[in-house]
Amino acid sequence: MTGGAEPESLLELASDVAREAGAMLADRAGRAVVVATKSSPTDVVTEMDQAAERLIRERILAARPGDAILGEEGGETGEGALVRWIVDPLDGTVNYLYDLPDWAVSIAAEVGGEVVAGVVCVPRRDVAYYGLLGGGSFRRSLAGGQPERLACNLGVPLARALVATGFGYAPGRRQVQGAVAGAVLPKVRDIRRNGAAAVDLCLLAAGNVDAYYERGVQYWDIAAGSLIAREAGAIVGGLGGKPPGPSMTVGGGPQLFSELHDLLLSLNPEWDA
95 MTGGAEPESL
105 LELASDVARE
115 AGAMLADRAG
125 RAVVVATKSS
135 PTDVVTEMDQ
145 AAERLIRERI
155 LAARPGDAIL
165 GEEGGETGEG
175 ALVRWIVDPL
185 DGTVNYLYDL
195 PDWAVSIAAE
205 VGGEVVAGVV
215 CVPRRDVAYY
225 GLLGGGSFRR
235 SLAGGQPERL
245 ACNLGVPLAR
255 ALVATGFGYA
265 PGRRQVQGAV
275 AGAVLPKVRD
285 IRRNGAAAVD
295 LCLLAAGNVD
305 AYYERGVQYW
315 DIAAGSLIAR
325 EAGAIVGGLG
335 GKPPGPSMTV
345 GGGPQLFSEL
355 HDLLLSLNPE
365 WDA
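367 is the number that my numbering gives the last residue of the sequence shown; the numbers go up by one with no jumps.
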């Protein structure tokens, strides 16, 4: 596959590559070796994070040698190309290290700076989530079968919302995030911490949680998942009209997004102790 930038063909390539990388990762789940740390000693990189990104880059560039790639482990290559791939080769590394099921391969494709296709493959859950800009979002078993169209939960008030969130690794950030979560918890049905932002956004799209918020996520964590959630009817944004990103990412159906956004804004969550 070479040449054009049709979202359907980009999605097909992303799906094939994510499945291959996911299968490779699944063979070593729970047995990976930590090779580096990032923001703190608990923020780890395994050799399988690196191996998965190498595989993804090789497969994409073999099919589309002129494209750019932004990956969590390898940075950006091929700047200025019309098509750019946003790659998180292993979202949920700590889950992967402990052989917990909620880790994923996330691949999104941008055309002209806009994400038009995205895939989040969750091998241990036997599911791939995918979305096309303007074409909806779906999930399908990795074993095959018919895709299921996704729709986020609508009309859920904050007081009855199941809210997914996550925490950073630096102690000062965790201190503030813990206080924010403590203030949110009495206002909602309950909180879930699954350990992978890409998976959380797909659970939002599928109606398995009602809302999501997190401080500290990077673009590669949310590029594919945000498209999937939006195509399922959710709003994904930051606070105060800002785009989603490291400062804060919030997602939910339109009414719930507004309520959760306003609650978070009142808690002043965008700082580290």
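Idealized CB from N, CA, C, for every residue including glycine.
From a predicted model like this one, the values you see are computed outputs, not experimental measurements.
Could you check whether Pro-338 and Val-311 sit closer than 9 Å to each other, using their CB atoms as the reference points?
Against a cut-off of 9 Å, the Cβ pair of Pro-338 and Val-311 comes out as a contact.
Can you tell which of Ala-162, Glu-166, Pro-183 and Pro-280 has its C-alpha closest to the C-alpha of Glu-173?
It is Ala-162 whose Cα lies nearest to the Cα of Glu-173.
Three-state secondary structure assigned by DSSP to Pro-340
Note: Pro-340 maps to coil in three-state DSSP.
What residue from Gly-169, Tyr-306, Arg-286 and Gly-289 has the CA that sits closest to Leu-295's CA?
For the options Gly-169, Tyr-306, Arg-286 and Gly-289, the alpha carbon positioned closest to that of Leu-295 is the one of Tyr-306.
Rounded straight-line distance, which links the Cα of Glu-102 to that of Ala-157:
If you take the alpha carbons of Ala-157 and Glu-102, they lie about 15 Å apart.
Count the other CB atoms, across all protein chains shown, that sit within 10 Å of the CB of Ser-231; report buried if there are 16 or more and exposed otherwise.
Label assigned to Ser-231: buried.
Classify Leu-297: buried if its beta carbon has 16 or more other beta carbons within 10 angstroms, exposed otherwise.
Here Leu-297 is buried: its Cβ has 16 or more other Cβ atoms, across all protein chains shown, within 10 Å.
Using CA atoms only, rank isn't needed, just tell me which of Trp-179, Thr-131, Pro-348 and Gln-269 is closest to Glu-152.
Nearest of Trp-179, Thr-131, Pro-348 and Gln-269 to Glu-152, Cα basis: Trp-179.
To the nearest whole angstrom, what separates the beta carbons of Arg-234 and Ala-222, a pair I think is in contact under 8 Å?
Contact holds; Cβ gap of about 6 Å.
Enumerate in chain order the residues of its own chain whose CB-to-CB distance from Leu-359 is below 8 Å, with the five nearest sequence positions on each side excluded.
Contacts found: Leu-333 and Gly-334.
Tell me whether Glu-166 sits in a helix, a strand or coil according to DSSP, three-state version.
Coil.
Taking 9 Å as the cut-off, decide whether the C-beta atoms of Met-142 and Ala-130 are in contact.
When the beta-carbon positions are compared, Met-142 and Ala-130 stay at least 9 Å from each other.
How far does the beta strand (DSSP E) with Val-199 in it reach, from first residue to last?
For Val-199, the enclosing beta strand (DSSP E) stretches over residues 198-205.
Best match in Arg-219, Gly-327 and Gly-212 for proximity to Tyr-315 [C-alpha to C-alpha]:
Correcting the residue type first, residue 315 is Asp in the shown sequence and not Tyr. Ranked by how close their Cα comes to the Cα of Asp-315, the residues Arg-219, Gly-327 and Gly-212 have Gly-212 in first place.
Classify Glu-170: buried if its beta carbon has 16 or more other beta carbons within 10 angstroms, exposed otherwise.
The residue in question, Glu-170, is exposed, as its Cβ has fewer than 16 Cβ neighbours within 10 Å.
First and last residue of the beta strand (DSSP E) that includes Ala-258?
Boundaries of the beta strand (DSSP E) around Ala-258: 256-259.
For Gly-301 and Val-330, the rounded distance between their alpha carbons
One C-alpha to the other measures close to 15 Å.
Would Tyr-223 pass as an interface residue toward chain B - the criterion being a Cβ-Cβ separation below 9 Å?
Given the protein chain composition of this structure (a single chain), no chain B is represented.
List the DSSP bridge partners of Ala-108.
Paired residues: none, contrary to the question.
According to DSSP, which residues form a beta bridge with Val-213?
Its beta-bridge partners are Ile-201 and Tyr-224.
Tell me the residue span of the alpha helix (DSSP H) that contains Tyr-313.
Its alpha helix (DSSP H) spans residues 313-325.
Is the Cβ-Cβ distance between Ala-299 and Ala-264 less than 9 Å?
Against a cut-off of 9 Å, the Cβ pair of Ala-264 and Ala-299 comes out as no contact.
Euclidean distance between Cα positions of Met-95 and Tyr-192
For Met-95, the predicted structure reports a pLDDT of 42, less than 50, and the residue's modelled location is therefore unreliable. A value from the coordinates is still provided. Straight through space, the alpha carbons of Tyr-192 and Met-95 are spaced by roughly 37 Å.
Continuous alpha helix (DSSP H) stretch holding Leu-350: start and end
Start and end: 348-360.
First through last residue of the beta strand (DSSP E) which encompasses Tyr-190:
Tyr-190 -> not in any beta strand (DSSP E); alpha helix (DSSP H) instead, spanning 187-191.
Taking all protein chains shown into account, do 16 or more other C-beta atoms lie within 10 angstroms of the C-beta of Val-250, making it buried, or fewer, making it exposed?
Under a 10 Å Cβ-count criterion, Val-250 is classified as buried, with 16 or more other Cβ atoms of the shown protein chains found around its own Cβ.
For Gly-272, which three-state DSSP category applies?
Of the three classes helix, strand and coil, the one that applies to Gly-272 here is helix, per DSSP.
Alpha carbon to alpha carbon, how far is Ala-367 from Gly-229? Give it in angstroms, no decimals.
Roughly 42 Å between the two C-alpha positions.
Are the beta-carbon atoms belonging to Val-181 and Ala-99 less than 9 Å from one another?
No; because the gap between Cβ atoms is not below 9 Å, this pair is not in contact.
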